[in-house]
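Student: Handing you a structure now.
Chains as they are written, first to last, in UniProt numbering: chain C, 1 to 363; chain F, 1 to 363.
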């Protein structure tokens, strides 16, 4: 079984060595379940021993199918995306597909390039978490051309006919804010990538998928405060860019400018790092002076003191749902697209408590 | 410029609409620098407006080049790999390449599949962090077939002719252990994925790239202890599987079984989460009773109390070096492969201090 010219090994050689027909060998190597597990294992082993490498480019010209799925996300180092990726990978692999991932670093031009590269590599479908606020024409064209497409975490307003999978951001914020209100807080600050403007007000009305996650989370805060009869004060809404340094600055400013605030809700996992650090450095005692709710259940949330209360996304379920919806779309291009808004849950730890005695009486 | 059948737009249509020749349009769309930036921008814009999608499969059959690089890593949620990926992506994009990533979850079979899929997609080169202890025949065959290949973080002993990029693990451990010895510690425990056996003893001798990172890190500990005239005690070496739960258990066991230990060095970022949590729950005061050095400079290291002293890998430089070496290998297949062992640095925070008064006198 020693050969040096691996490139010249053909499917016929594999079939002969495994004692099966050429078509059985082909089906075994593409993972078809028309072949018994035993035969498949034998063919795969023999193919590996012979050094057989299928010519994927040539094969995909013939079959039109490469058994690969592409995922395009903005940030591989974000815990939410890396966790979702793992469950997407596990799910699609169970169905015999392989996963190729591309990261856009939040740059619209890189997203267009990533989508382009993956389409020219003839992936069978794409899961995309679009860059926020960017033009989505390339996604619309992709969907219109019949490529299976699922949108993850962020909607793309002008792209129709695709499924959308996300946590229910409005309800996620309601969990956090209702928890704080239930503890007795009335002046609740929020650290948000979104700005408080008319979009948020509209987003707080029922139409819960048209906007970016940060807008929906701010809208959920507005809705929960309003429903509880509490005033939404613009000065309690601290805007932050997407970095822990920006969130550190926004949190520090919020603490300095609005001493009546007794609780802060931070709406993103990257922002939560900066908010927690700012609170530590502020001299405020958490939770006696200030309660804090973070977003996403990072591995450091139970390591810090006080242990951090967070709104946890169902990351595993989000990944599985996106993958399964995409596989359905690949199998049946005419299937009805769906919107999956999955429920968050609150993980209560030590960073939230009833408001303590403050030196400044609440106004 | 409205067309509905995007699929039928050809390069000739793009060239005509942009007012350039077909070959200029082709060069512009593949990012060739034989075309002026202005022409390139115009052609790209016109192609996007027309909805032109190059047939990458057909094109790569002709040119043999897809301007893509594949990266195969074991774990996308590991901070080291996600950070290295970002700098690999940035570097290769500066050279006009796009990145496709596949994760193996540490499973040898998934690694073979990932490498297979990326080779059949005709990537121009691969950066692989091999699954530890697995068969590397598929990597050897890939290298032998002339595919540009760079090994990241983990060597593949039988694969010759490829470059290897990693932190200098032996010296990284020496930084941690020398720091602790300098503070006055004599009984230093270690949490390690490697087992203390003859391999480690051999690895502690000069031959610093033949083994997996955990073995090299344990070897560095052994060498630093030995060089300082301190005894290496097998009961101070706590083996842990690759999970924070396993590391929590290993650290707890180490604290209970060896009360003479006054400092612990934890050799991986996933393991550091469990070690820190175990120390918090143990009732020991850190650093008065026990000093702790973690591995990799995670974002939570300065958030916890005491702030964690760590050995930081030069993640950015590792990523850039791997990417640049791969681009060199793509441009010049005959280039001499190199071994890049990059220096770690110690980030001293509050979790390390001179050993305090212990209730149990050192033996």
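Glycine is no exception: its CB is placed at the ideal position from the N, C-alpha and C atoms. None of these values were measured; they are calculated from a predicted model.
Buried or exposed for residue 348 of chain F, going by 16 or more other Cβ atoms inside 10 Å?
Tutor: Position 348 of the second chain holds residue 348 of chain F. Exposed, by the Cβ-count rule.
Student: How should residue 174 of chain C be labelled, buried or exposed, when 16 other C-beta atoms within 10 angstroms of its C-beta is the threshold for buried?
Tutor: Residue mapping note: residue 174 of chain C aligns to position 174 of the first chain, counting from 1. By the 10 Å Cβ count, residue 174 of chain C comes out buried.
Student: Of the residues that make up the region 120-149 of chain F, which ones have a beta carbon closer than 7 Å to any beta carbon in chain C?
Tutor: Here the close residues are 120, 121, 122, 141 and 145.
Student: Report the rounded CA-to-CA distance for residue 28 of chain F versus residue 329 of chain F, giving the unit in angstroms.
Tutor: To locate residue 28 of chain F, count along the second chain from 1; it is residue 28. To locate residue 329 of chain F, count along the second chain from 1; it is residue 329. Looking at the two C-alpha atoms, the distance is approximately 24 Å.
Student: How big is the Cα-Cα spacing for residue 75 of chain C and residue 105 of chain F?
Tutor: Translated into positions along the first chain, residue 75 of chain C becomes position 75. Translated into positions along the second chain, residue 105 of chain F becomes position 105. C-alpha separation (whole angstroms): 19 Å.
Student: Which residues in chain C have a C-beta closer than 9 Å to the C-beta of residue 292 of chain F? List them in chain order.
Tutor: Taking the second chain and counting its residues from 1, the one referred to as residue 292 of chain F is at position 292. Those within 9 Å of residue 292 of chain F in chain C number zero; the least Cβ separation is about 12 Å.
Student: For the alpha helix (DSSP H) containing residue 250 of chain F, name the first residue and the last one.
Tutor: On the second chain, position 250 is the one that residue 250 of chain F refers to. Residue 250 of chain F -> alpha helix (DSSP H) spans 244-257.
Student: Distance check for residue 119 of chain C and residue 15 of chain F, CA to CA, integer angstroms please.
Tutor: Position 15 of the second chain, counting from 1, holds the residue named residue 15 of chain F. Position 119 of the first chain, counting from 1, holds the residue named residue 119 of chain C. Taking the straight line from one Cα to the other gives about 22 Å.
Student: Using a beta-carbon distance below 8 Å, is residue 94 of chain F in contact with chain C?
Tutor: Position 94 of the second chain, counted from the first residue, corresponds to residue 94 of chain F. Chain C, which has no Cβ nearer than 8 Å to the Cβ of residue 94 of chain F, makes this no.
Student: Determine the direct distance from the alpha carbon of residue 165 of chain F to that of residue 339 of chain F, and round the result to whole angstroms.
Tutor: In the second chain, residue 339 of chain F corresponds to position 339, counting from 1. In the second chain, residue 165 of chain F corresponds to position 165, counting from 1. About 6 Å.
Student: Tell me the residue span of the alpha helix (DSSP H) that contains residue 221 of chain C.
Tutor: Counting from one through the first chain, the residue named residue 221 of chain C turns up at place 221. Residues 213-227.
Student: DSSP three-state label for residue 182 of chain C, please.
Tutor: Your numbering for residue 182 of chain C matches position 182 in the first chain. The answer is helix: DSSP assigns residue 182 of chain C an H, G or I state.
Student: Kindly indicate if chain F contains any beta-carbon less than 8 Å away from that of residue 313 of chain C.
Tutor: The residue given as residue 313 of chain C occupies position 313 in the first chain. No, residue 313 of chain C does not count as interfacial toward chain F.
Student: DSSP state of residue 72 of chain C, grouped into three classes?
Tutor: Working through the first chain from its first residue, we reach residue 72 of chain C at position 72. In the structure shown, residue 72 of chain C sits in a strand (DSSP, three-state: E or B).
Student: Of all the options F:243, F:246 and F:194, which has the alpha carbon lying nearest to the alpha carbon of residue 221 of chain F?
Tutor: Counting from one through the second chain, the residue named residue 221 of chain F turns up at place 221. For residue 221 of chain F, the nearest C-alpha among the options comes from F:194.
Student: Among the residues of its own chain, which have a CB less than 7 Å from the CB of residue 185 of chain C, if the five just before and after it don't count?
Tutor: Position 185 of the first chain, counted from the first residue, corresponds to residue 185 of chain C. So the list reads 262, 263, 291 and 355, once near-sequence residues are dropped.
Student: Name, please, each residue of chain C whose Cβ falls closer than 8 Å to the Cβ of residue 101 of chain F.
Tutor: What you label residue 101 of chain F is simply residue 101 of the second chain in a count that begins at 1. Result: 76, 100, 101, 102 and 103.
Student: In the region 71-134 of chain F, which residue ranges form an unbroken beta strand (DSSP E) of at least 3 residues, counting only runs that do not cross its ends?
Tutor: Counting only runs of 3 or more, we get 98-103 and 125-128.
Student: Can you list, in chain order, the residues of its chain whose CB lies under 7 Å from that of residue 317 of chain F, leaving out five sequence neighbours each side?
Tutor: In the second chain, the residue the question calls residue 317 of chain F occupies position 317. Closer than 7 Å at the Cβ level, and outside the excluded window around residue 317 of chain F, lie 342.
Student: Between residue 217 of chain F and the rest of its own chain, which residues show a CB-CB distance below 6 Å, the 5 nearest in sequence each way excluded?
Tutor: By one-based count along the second chain, residue 217 of chain F stands at place 217. So the list reads 169, 173 and 267, once near-sequence residues are dropped.
Student: Going by beta carbon distance, what residues of the same chain come within less than 8 Å of residue 324 of chain C, once the five residues before and after it are set aside?
Tutor: As a first step, residue 324 of chain C must be located in the first chain, where it is residue number 324. Taken in chain order, the residues that qualify are 91.
Student: From what residue to what residue does the alpha helix (DSSP H) around residue 352 of chain F run?
Tutor: As a working note, residue 352 of chain F is residue 352 in the second chain. Looking at the DSSP string, residue 352 of chain F is not in any alpha helix (DSSP H), and its letter there is neither H nor E.
Student: Taking residue 215 of chain C as the query, report the chain F residues whose CB atoms sit under 7 Å from its CB, ordered along the chain.
Tutor: Position 215 of the first chain holds residue 215 of chain C. What residue 215 of chain C touches in chain F: nothing, since even the nearest Cβ is about 25 Å away.
Student: How would you call residue 26 of chain F, buried or exposed, if buried means at least 16 neighbouring beta carbons within 10 angstroms?
Tutor: Taking the second chain and counting its residues from 1, the one referred to as residue 26 of chain F is at position 26. Classification of residue 26 of chain F: buried, given that the 10 Å Cβ count is 16 or more.
Student: If contact means a Cβ-Cβ distance below 8 Å, which residues of the region 267-292 of chain F contact chain C?
Tutor: Answer in chain order: 273, 276, 277 and 280.
Student: Report the three-state DSSP secondary structure of residue 383 of chain C (helix, strand or coil).
Tutor: One cannot answer for residue 383 of chain C here, as it falls past the ends of chain C, which runs 1 to 363.
Student: Taking Cβ positions, are residue 129 of chain C and residue 152 of chain C nearer each other than 8 Å?
Tutor: Translated into positions along the first chain, residue 129 of chain C becomes position 129. Translated into positions along the first chain, residue 152 of chain C becomes position 152. Yes; because the gap between Cβ atoms is below 8 Å, this pair is in contact.
Student: Kindly say whether residue 68 of chain F, judged by its beta-carbon, lies nearer than 8 Å to any beta-carbon of chain C.
Tutor: The residue labelled residue 68 of chain F in the question sits at position 68 within the second chain. It does: the Cβ of residue 68 of chain F has a partner Cβ on chain C nearer than 8 Å.
Student: With a cut-off of 8 Å on the beta carbons, I'd call residue 275 of chain F and residue 247 of chain F a contact; round off their distance for me.
Tutor: Here residue 275 of chain F refers to the residue found at position 275 of the second chain. Here residue 247 of chain F refers to the residue found at position 247 of the second chain. Their Cβ separation, rounded to whole angstroms, is 5 Å, which keeps residue 275 of chain F and residue 247 of chain F in contact under 8 Å.
Student: Determine the direct distance from the alpha carbon of residue 283 of chain F to that of residue 85 of chain F, and round the result to whole angstroms.
Tutor: As a position in the second chain, residue 85 of chain F is number 85, starting the count at 1. As a position in the second chain, residue 283 of chain F is number 283, starting the count at 1. If you take the alpha carbons of residue 85 of chain F and residue 283 of chain F, they lie about 38 Å apart.
Student: Go ahead and pull the three-state DSSP assignment for residue 321 of chain C.
Tutor: The residue you call residue 321 of chain C lines up with position 321 of the first chain. Three-state result, residue 321 of chain C: helix.
Student: Of all the residues that make up the region 236-270 of chain C, which are near chain F by a beta-carbon distance shorter than 9 Å?
Tutor: Here the close residues are 244 and 270.
Student: Please compile the residues from chain C whose C-beta is within a distance smaller than 7 Å of the C-beta of residue 117 of chain F.
Tutor: One-based indexing of the second chain puts residue 117 of chain F at position 117. Within 7 Å Cβ-Cβ: 68 and 98.
Student: Taking the beta carbon of residue 319 of chain C as the centre, do at least 16 other beta carbons fall within 10 Å, making it buried, or is it exposed?
Tutor: For this step, residue 319 of chain C is matched to residue 319 along the first chain. With 16 or more other Cβ atoms within 10 Å, it is buried.
Student: Can you tell me whether DSSP reads residue 47 of chain C as helix, strand or coil?
Tutor: What you label residue 47 of chain C is simply residue 47 of the first chain in a count that begins at 1. Three-state result, residue 47 of chain C: helix.
Student: If you measure from the beta carbon of residue 27 of chain F to each beta carbon in chain C, is any gap under 8 Å?
Tutor: Taking the first residue of the second chain as 1, we reach residue 27 of chain F at position 27. It does not; no Cβ of chain C falls within 8 Å.
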